[in-house]
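In the UniProt record's numbering, the protein residues as written are 1 to 159. These notes are about the structure you will find just below.
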């Protein structure tokens, strides 16, 4: 089961509301990056962007900023080594298979254990960015599964 926690921040909801209609360049100190390469965009509904933030492979801690346009989300997937998400701007959602979707606001952290099937993405009315930290990168492999279709997405975020 993934663990979600929020950093102390009484202004999370206000910050998310202020960021909903702005472009990602106006909402984050991190670069938005480039559109996902074709090999990854096939696993997303909508447009997402990727900016790799760490370059030194010797540190063994890959960190990227992933930015989702409103309504964009990735397919169900899992990571053999786990993953950590840190919401940094806008409003998004995370859902582990078999659990209710959770709203993510700036400062929220999701710890995703190895092999937990899940998806994450933006709210329908907001850009959303999170830092993605790859755990155990020497052995971590993604397994991409089926898309989260519009019906599943709407049901998940309205519960």
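For each residue, glycine too, the CB sits at the ideal point set by N, CA and C.
Candidates the options: closest to residue i by CA position
i	options	result
residue 52	69, 133, 116, 68	133
residue 71	122, 112, 135, 140	122
residue 86	48, 108, 31	108
residue 114	80, 50, 39, 56	80
residue 69	56, 55, 41	41
residue 39	73, 144, 106	144
residue 150	28, 106, 94, 73	73
Test item: CB-CB of residue i and residue j under 8 Å
i	j	result
residue 91	residue 128	yes
residue 96	residue 118	yes
residue 75	residue 147	yes
residue 101	residue 48	no
residue 160	residue 88	Nothing in the structure corresponds to residue 160, since the chain is present only between 1 and 159.
Through-space distance from residue j to residue i, alpha-carbon basis
i	j	result
residue 33	residue 66	8 Å
residue 36	residue 110	22 Å
residue 104	residue 152	18 Å
residue 137	residue 46	27 Å
residue 99	residue 63	26 Å
residue 60	residue 126	32 Å
residue 82	residue 142	9 Å
residue 58	residue 140	16 Å
residue 120	residue 44	10 Å
residue 131	residue 56	17 Å
residue 124	residue 54	29 Å
residue 28	residue 50	13 Å
residue 93	residue 154	11 Å
residue 106	residue 116	23 Å
Three-state class that DSSP yields for residue i in the structure shown
i	result
residue 1	Because residue 1 carries a pLDDT of 49, less than 50, the predicted location of this residue cannot be relied on, and no value is offered for it.
residue 44	strand
residue 95	strand
residue 69	coil
residue 155	helix
residue 103	strand
residue 16	Unreliable placement is indicated for residue 16, whose pLDDT of 43 sits below 50; the coordinate value is still reported in the next sentence. Reduced to three states, the DSSP call for residue 16 is helix.
residue 131	strand
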